[in-house]
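Okay, so here's the structure we're looking at.
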Amino acid sequence: MKGNCTLELDVDSVTLNNAMSKAVSDAVKSLNIEQIVNAEVTRRIGKSVSKSIQDGTFVRAVAKNVAKEFDANIIVSLLDIEELKTMVAEKISQKIISKMGI
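Counting from 943, one number per residue, gives the positions in the sequence shown under the working numbering.
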């Protein structure tokens, strides 16, 4: 006797996103940066990925996500040194301005 079996899964986007985020987070513990970035690319597959890779916004988005998980050495390896300097200068300026009440 032959039969067909169909399994339908109803997974909401939050559950799926959490699972993908956990997979990327788990990758942090055992993989190198290139593999983690590849996992992030896979997670963010969509119509605008190739454009955002070309204009650099994707790299910055990955760096921000990675910054939540990694130490400063890895962040420096993802960002251009000049961009990192600019980012630090902006943060310092923002703190000074907020303390001055401007």
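Heads up, the beta-carbon is just placed ideally off N, CA and C, and yes, glycines get one too. None of these values were measured; they are calculated from a predicted model.
Residue environment, residue i, which counts as buried when at least 16 other CB atoms sit within 10 Å
i	result
Val1004	buried
8 Å CB neighbourhood of residue i in its chain, flanking five on each side removed
i	result
Lys989	For Lys989, the predicted structure reports a pLDDT of 48, less than 50, and the residue's modelled location is therefore unreliable. A value from the coordinates is still provided. For Lys989, where only same-chain residues beyond five positions count, there are no Cβ hits under 8 Å.
Lys1041	none
Where residue i sits in the DSSP three-state scheme
i	result
Lys989	Its pLDDT being 48, under 50, Lys989 is placed unreliably in this model, and the value from its coordinates should be taken loosely. Here Lys989 sits in coil by DSSP.
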